[in-house]
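Enquirer: Here's a structure for you.
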Amino acid sequence: MHKGIFITATDTEAGKTYVSCKIAEALKKSGLACGVFKPFSTGSRDDAEALIKAAGIDEKPETVTPVFFKTPMSPYGASLLEKKSFDLKTADKMFKYFLNKYDFTVVEGVGGLLVPLKQNFFVNDLIRRFHLPVIVVARFGLGTINHTLLTVDKLRRDKAKIAGIIMSGRKNPKDISAKSNASIIKKVTKLPVLELGWNENIDLKKNKWIVNGR
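Numbering follows my numbering, in which position 180 of the sequence shown is assigned residue number 681; successive positions increment by one, without gaps.
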């Protein structure tokens, strides 16, 4: 078992926090002490509070999300607008804190792979920096094949270790593509694909790749 997993997504609002919380809940239920870490966040620290609640741990939102901007946009854009700089060592320090304190840590990214954290430093660079297996969170509906394959392709070119893909949210019954998107993505990528509907729980015994990283 790895010490953690990095949760990224095909886009913003694809369900990263929801999936991260569900993984934390499943790990807690299995008896593991699970840390949750979202190093960068903008807009609010609501995601950090949701992660803390899901993991059932005694941490402050400021610890879970050490780099925070009030403006809801990319961290780099928000830092320019708010005229606030930050050092990547802040994220490194807290990352080590969670890895050392907990059995397993769920690390949640911000937006998609190419969201800028600094001028020349993106989420995919953070993944390389942390050296964790990656789970890609994707939507169910139309367009998700393209977005998911682009994300997987970028991760593979970066030589990241991809654990699998989790498709989350609510399926639109009028969207016929939602019925086959998961199976098509699985066939094309040859990666594990979990369909996680709204308010469903994750069975770690059936999806060992989530903690084992394949």
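Every residue gets a Cβ at the ideal spot worked out from N, C-alpha and C, and that includes glycine. This one's a predicted model, so the numbers in the text were calculated from it and none came from an experiment.
For Ser575 versus Gly544, is the C-beta distance shorter than 8 Å?
Expert: Indexing the sequence shown from 1 puts residue 575 at position 74. Indexing the sequence shown from 1 puts residue 544 at position 43. No, these two residues do not count as a Cβ contact at 8 Å.
Enquirer: Excluding the 5 residues flanking Glu526 on each side, which residues of the same chain have their C-beta closer than 6 Å to its C-beta?
Expert: For the purposes of this step, residue 526 is identified with residue 25 of the sequence shown, where counting begins at 1. Only Ala555 meet the Cβ criterion.
Enquirer: Output the residue ranges of the beta strand (DSSP E) runs that lie fully inside the stretch 576–641 and measure 3 residues or longer, sorted by chain position.
Expert: Segments of the beta strand (DSSP E) lying fully in the stretch 576–641: 605–609, 617–619, 635–639.
Enquirer: Note down, in chain order, each residue of its chain lying with its Cβ closer than 6 Å to the Cβ of Ser678, except the 5 sequence neighbours on either side.
Expert: Locating residue 678 in the sequence shown gives position 177, counting from the first residue. Correct list, in chain order: Leu643.
Enquirer: How do the stretch 607–622 and the stretch 525–539 stand: do at least 3 beta-carbon pairs fall below 8 Å, yes or no?
Expert: Because the criterion of three Cβ pairs below 8 Å is met, the stretch 607–622 and the stretch 525–539 touch.
Enquirer: Going by DSSP, what residue range makes up the beta strand (DSSP E) through Ser669?
Expert: The residue labelled residue 669 in the question sits at position 168 within the sequence shown. From DSSP, the beta strand (DSSP E) with Ser669 extends over 663–670.
Enquirer: Which residue from Met595, Phe623, Phe605, Lys590 puts its Cα closest to that of Gly578?
Expert: Working through the sequence shown from its first residue, we reach residue 578 at position 77. Closest by alpha carbon: Phe623.
Enquirer: With a CB to CB cut of under 7 Å and the five nearest residues on each side skipped, what residues in its chain are close to Ala549?
Expert: The sequence position of residue 549 within the sequence shown is 48, counting from 1. Here the set comprises Lys539, Ser542, Pro562, Val565, Thr566.
Enquirer: With distances taken from CA atoms, which of Gly698, Arg630, Ala510, Ile558 is nearest Lys660?
Expert: Position 159 of the sequence shown holds residue 660. Closest option to Lys660, Cα to Cα, is Arg630.
Enquirer: Which class does Ser521 belong to by DSSP, given the choice of helix, strand or coil?
Expert: Here the question's residue 521 lines up with position 20 in the sequence shown. Looking at Ser521 - three-state DSSP - the assignment turns out to be helix.
Enquirer: Cα separation between Val694 and Lys687?
Expert: Counted from its first residue, the sequence shown places residue 694 at position 193. Counted from its first residue, the sequence shown places residue 687 at position 186. Approximately 6 Å between the Cα atoms of the pair.
Enquirer: On the criterion of 16 or more Cβ atoms from any shown chain inside 10 Å, does Asn673 qualify as buried, or is it exposed?
Expert: As a first step, residue 673 is located in the sequence shown; it is residue number 172 there, counting from the start. Exposed, since its Cβ has fewer than 16 Cβ neighbours within 10 Å.
Enquirer: Taking the CB atoms as reference points, tell me whether Ser580 and Phe587 lie closer together than 8 Å.
Expert: Locating residue 580 in the sequence shown gives position 79, where the first residue counts as 1. Locating residue 587 in the sequence shown gives position 86, where the first residue counts as 1. It is a contact, given that the beta carbons lie within the stated cut-off.
Enquirer: Could you tell me the distance, in whole angstroms, from the CA atom of Val653 to the CA atom of Thr690?
Expert: As a position in the sequence shown, residue 653 is number 152, starting the count at 1. As a position in the sequence shown, residue 690 is number 189, starting the count at 1. Taking the straight line from one Cα to the other gives about 8 Å.
Enquirer: Measuring alpha carbon to alpha carbon, tell me which residue in Ala592, Ile711, Val638, Lys585 is nearest Gly698.
Expert: Here residue 698 corresponds to residue number 197 of the sequence shown, with the count starting at 1. Here the closest residue by C-alpha is Val638.
Enquirer: Could you give the distance in angstroms between the alpha-carbon of Leu627 and the alpha-carbon of Thr649?
Expert: By 1-based counting over the sequence shown, the position of residue 627 is 126. By 1-based counting over the sequence shown, the position of residue 649 is 148. Their Cα atoms are separated by approximately 19 Å.
Enquirer: Taking the CB atoms as reference points, tell me whether Gly516 and Gly665 lie closer together than 8 Å.
Expert: Residue numbering aside, residue 516 sits at position 15 when the sequence shown is read from its first letter. Residue numbering aside, residue 665 sits at position 164 when the sequence shown is read from its first letter. For Gly516 and Gly665, no; Cβs fall outside 8 Å.
Enquirer: Pull up the distance between the alpha-carbon of His503 and that of Lys584, whole angstroms please.
Expert: One-based indexing of the sequence shown puts residue 503 at position 2. One-based indexing of the sequence shown puts residue 584 at position 83. Cα to Cα, the separation comes out at about 38 Å.
Enquirer: State the Cα-Cα distance for the pair Ala592 and Asn713, rounded to the nearest angstrom.
Expert: Residue 592 sits at position 91 when you count from the first residue of the sequence shown. Residue 713 sits at position 212 when you count from the first residue of the sequence shown. Cα to Cα, the separation comes out at about 24 Å.
Enquirer: Assuming Ile646 and Val520 form a contact by the criterion Cβ under 8 Å, report the distance between their Cβ atoms to the nearest whole angstrom.
Expert: In the sequence shown, counting from the first residue as 1, residue 646 sits at position 145. In the sequence shown, counting from the first residue as 1, residue 520 sits at position 19. Not really, about 19 Å apart at Cβ, beyond 8 Å.
Enquirer: According to DSSP, is Ile558 helix, strand or coil?
Expert: By 1-based counting over the sequence shown, the position of residue 558 is 57. Residue state, collapsed to three classes: coil.
Enquirer: Using CA coordinates, which residue listed in Arg657, Cys535, Lys529 is at the minimum distance from Leu600?
Expert: The count along the sequence shown starts at 1 and reaches residue 600 at position 99. Comparing Cα positions, the closest option is Cys535.
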